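Protein chains in written order, with my numbering: chain A, 3 to 346; chain B, 3 to 346.
Don't be surprised by glycine CBs; every beta carbon is placed ideally from N, CA and C.
For clarity, every value in this text was computed on a predicted model and none was experimentally measured.
Heads up, the thing below is written out as structure tokens.
Number of protein chains: 2
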Amino acid sequence: MSIMLREIKEQPTMLEKTINAETKKLDKIGRFLKDRDVQLIVLVARGSSDNAALFARYLLETRCGIPVSLSAPSVHTLYKSELRLDKALVVGVSQSGEGSDINEVLLRARKSGAFTLGITNNGKSEITRSADETLLIHAGKERSVAATKTYTGQMLHFYLLANSMRTGGKRLEIERIPSYAAKALEREAQIKAAAERYTFMENCVVVGRGLNYGNSFELALKLMETCYVVAERFSSADFLHGPLALVERRFPVILFGPKGVTRKSNLDLLRRLTILGADSMSITNDPAISRVSSRTIEMDTKIDEFLSPIPFVIPAQLFAAHLSQSKGLDPDNPRSLSKITRTF
Amino acid sequence: MSIMLREIKEQPTMLEKTINAETKKLDKIGRFLKDRDVQLIVLVARGSSDNAALFARYLLETRCGIPVSLSAPSVHTLYKSELRLDKALVVGVSQSGEGSDINEVLLRARKSGAFTLGITNNGKSEITRSADETLLIHAGKERSVAATKTYTGQMLHFYLLANSMRTGGKRLEIERIPSYAAKALEREAQIKAAAERYTFMENCVVVGRGLNYGNSFELALKLMETCYVVAERFSSADFLHGPLALVERRFPVILFGPKGVTRKSNLDLLRRLTILGADSMSITNDPAISRVSSRTIEMDTKIDEFLSPIPFVIPAQLFAAHLSQSKGLDPDNPRSLSKITRTF
């Protein structure tokens, strides 16, 4: 079994462990941040961590009502600009904790008066010194070049943060996520068979919207890294602005289609794709989405949209890992890549 | 000549006209906004307009020191969330002024206490009623489905806004941009010949960073719309996080490489690409970038990085229009698209 597959399967345990170990700390940070009157949340990340941040912007804005900005690190590291961040919470996200540009942004934000958090899988890394507080993912070392368990671990920390910063209203039932994740892993045999069919796929488009928009970036990145597929990623809204022209008969589209508010937009897109003769595969728990997709990876219908992003990305990770193997590639050894990327 | 090409060539005139007609209004708005103590700028757009907004986030953060957030419209339109925006300036960008989700976000932001601006090419459209003030592009009707003159017109308005909101320090010499744009058009014969070489290109990656990051999205979108090329877009920093694995011998990469702070990062990437045997074409005015690129579209060396995004995107637009024709396609009739996209 590849290291990537093994780490994908460690996710339910990692999620459980991280919830148990970190909830108290997050609750304390949440109380502190409520007193501080945070008016803006800035997220700083690159690669898979940036995809987790893309998910987090939807989660934090919808759950906490605070505007979120996904930082452009080069504004700080190359252009050396000083932004007004005294009312901001700045969150750096880095699996290794050693991304030098992420750490530089955190240090500069602290100097501008922001409160800073670092989310990392390495409690001894540089980010623990750059940020005011560290949120630790309990994933054990990630050996796979393609991040999987640290991506969902980062997402989980954003759930904990969103719950802790929310004033009033119901909390999300985060404690359900580990068992949803375990159940998603049971789809492996079906996904492996589905991946066979895509052995010769060279291009595709991955679609997600809202809370699952980050997942579309993450699946596309896995397909680029481990399968060398040129994978575009769009929201079902943006896809209609231009990129739809790409689609010809049998063009493959993979869609995240949970029940919930993105349903109508996803259905509209799938119907357009059907008319164009495209090939669609949906990861969904919505029978209406299943009906208009060429094929479906069925998810548990009990999963609420707000809890869907972690369980829904797991079939996508499994798909990338198995597609890599059915293409005769080794997902643990993507050409040209190493685990820590230093940005200058 | 295609409508797209004709409209590309109208850009120097449009730029000149818009500067002359709109500068005073912008100066007034700038004074008003300085009094208001804006702490956050939110940009709302889709498609090409969203690429102009991506440029604007770098421009406004570096020139005005105010954090910028690129809005996720669905947070407002689907999830119906109320964000704290009382200290925010919210700018909607829409060529037609009829993007229903953009207008909904503007109306909701106004209700939350934000000051709102609409940038549009249509002074009689819905956006002029949704926003507090309208900034008009003087482009005449845009008939091409692929936006060109309205994209640079939107960028120009962000330049005017950045100048008007800046406190102290030198203003950018925006009045130079129309002649830089005119000079860029003189490259057409060379670009047409270059496009021939890419007739059978099916995939590519477009790279830009910082102020030219939005241009990389815009060229990729033009290539998808008018040439059906599956075009990825990345910053030279993010490209090293995973997507580099895509690159094999002769894989085409197109890069925006102005002189300035992004130089080192672009050079590093081009050197990696040379080792991998990739095919690179750079739009650049930096001899060092030229030397490590497989081929170059040379730009005027006098152009400062901060004024480069508009003149540098013009060769890219010309490239897409000519590539479409050399592929035997009609850039004015992309399959499956129409001019106004309504998002639900």
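Query                                                                                                                                                                            : Result
Buried or exposed: glutamate 128 (chain A), going by 16 or more other Cβ atoms within 10 Å of its Cβ?                                                                            : buried
Please state whether the Cβ-Cβ distance between threonine 298 (chain B) and serine 284 (chain B) is less than 9 Å.                                                               : yes
Can you tell me which residues form a DSSP beta bridge with valine 2 (chain A)?                                                                                                  : No information on residue 2 (chain A) is available, as it lies outside the stretch 3 to 346 that chain A covers here.
To be precise: take each residue of the stretch 81-92 of chain B, compare its Cβ to all Cβ atoms of chain A, and keep it if any distance is under 8 Å. Which residues remain?    : Tyr81, Ser83, Glu84, Leu85, Arg86, Leu87, Lys89 and Ala90
Using the Cβ count rule (16 or more neighbours within 10 Å means buried), how would you classify alanine 55 (chain B)?                                                           : buried
Consider the Cβ of proline 311 (chain B): report whether some Cβ of chain A lies at a distance smaller than 9 Å.                                                                 : no
Which residue spans inside the stretch 123-170 of chain B form an unbroken alpha helix (DSSP H) run of at least 4?                                                               : 129-132 and 151-167
For glutamine 327 (chain A) and chain B, any beta-carbon pair shorter than 9 Å?                                                                                                  : no
List the residues of chain A that aspartate 302 (chain B) touches, going by C-beta distances under 8 Å, in chain order.                                                          : Correct list: empty, because the minimum Cβ distance to chain A is about 22 Å.
What span of residues does the alpha helix (DSSP H) with threonine 25 (chain A) cover, start to end?                                                                             : 13-38
I'd like to know if the stretch 33-42 of chain A and the stretch 192-201 of chain A are in contact, where contact means that at least 3 CB-CB pairs between them fall below 8 Å. : no
Are at least three pairs of beta-carbons, each pair with one atom in the stretch 268-275 of chain B and one in the stretch 238-248 of chain B, less than 8 Å apart?              : yes
If you measure beta-carbon to beta-carbon, which residues of the stretch 215-243 of chain A are closer than 7 Å to chain B?                                                      : Leu223, Met226, Glu227, Tyr230, Val232, Glu234, Ala239, Asp240, Leu242 and His243
I'd like to confirm the pairing. Which residues does DSSP put opposite glutamate 300 (chain A) in its beta bridges?                                                              : A:Thr286
Do aspartate 306 (chain A) and serine 296 (chain A) have their CB atoms nearer than 9 Å?                                                                                         : no
According to the neighbour-count rule (16 or more other Cβ atoms, all chains shown, within 10 Å of its Cβ), is aspartate 29 (chain A) buried or exposed?                         : exposed
Indicate the three-state DSSP secondary structure (helix, strand or coil) for glycine 216 (chain A) in the structure shown.                                                      : helix
Just to confirm, are alanine 148 (chain B) and glutamate 204 (chain B) a CB contact at a threshold of 9 Å?                                                                       : no
Could you tell me the alpha carbon to alpha carbon distance between lysine 185 (chain A) and arginine 211 (chain A), rounded to whole angstroms?                                 : 23 Å
DSSP on phenylalanine 346 (chain A), reduced to helix/strand/coil?                                                                                                               : Per-residue confidence for phenylalanine 346 (chain A) stands at a pLDDT of 49, beneath the threshold of 50, marking its modelled position as unreliable; the derived number appears in the next sentence. DSSP places phenylalanine 346 (chain A) in coil when its eight states are reduced to three.
Which residues in the same chain have their Cβ closer than 6 Å to the Cβ of valine 232 (chain B), if we skip the five residues on either side of it in sequence?                 : Asn205
Are isoleucine 411 (chain B) and valine 70 (chain B) closer than 9 Å when you measure CB to CB?                                                                                  : What is shown of chain B runs 3 to 346, which leaves residue 411 (chain B) out entirely.
Starting from glycine 49 (chain B), find everything on chain A with Cβ-Cβ shorter than 8 Å and list it in chain order.                                                           : Asp240, His243 and Gly244
Can you name the residues of chain B whose CB is closer than 8 Å to the CB of isoleucine 291 (chain A)?                                                                          : Neighbours of isoleucine 291 (chain A) on chain B: none; closest Cβ ~16 Å, over 8 Å.
With distances taken Cα to Cα, identify the nearest neighbour of lysine 329 (chain B) among B:Phe117, B:Arg189 and B:Leu225.                                                     : B:Leu225
By DSSP's criteria, phenylalanine 236 (chain B) is part of a beta bridge. Which residues make up the other side?                                                                 : B:Val209
Using 8 Å for Cβ pairs, my map puts threonine 118 (chain A) next to aspartate 134 (chain A). What's the rounded Cβ distance?                                                     : 5 Å
Roughly how many angstroms separate the alpha carbons of arginine 131 (chain A) and proline 254 (chain A), rounded to a whole number?                                            : 45 Å
Mapping the DSSP letters down to three states, classify isoleucine 121 (chain B) as helix, strand or coil.                                                                       : strand
Buried or exposed for glycine 155 (chain B), please, with buried defined as at least 16 other CB atoms from any protein chain shown within 10 angstroms of its CB.               : buried
Could you give the distance in angstroms between the alpha-carbon of alanine 116 (chain B) and the alpha-carbon of isoleucine 104 (chain B)?                                     : 15 Å
Hey, out of A:Lys266, A:Leu309, A:Gly259 and A:Leu271, whose CA is closest to aspartate 288 (chain A)'s CA?                                                                      : A:Gly259
Quick check: the stretch 93-107 of chain B against the stretch 85-94 of chain A, are there 3 or more CB pairs under 8 Å?                                                         : no
Hey, isoleucine 312 (chain A) and methionine 157 (chain A) are a contact pair by Cβ (cut 8 Å); roughly how many whole angstroms apart?                                           : 6 Å
Look at the alpha carbon of arginine 168 (chain A) and the alpha carbon of arginine 65 (chain A), and state the distance between them as a whole number of angstroms.            : 7 Å
Is the CB-CB distance between asparagine 268 (chain A) and valine 209 (chain A) below 9 Å?                                                                                       : yes
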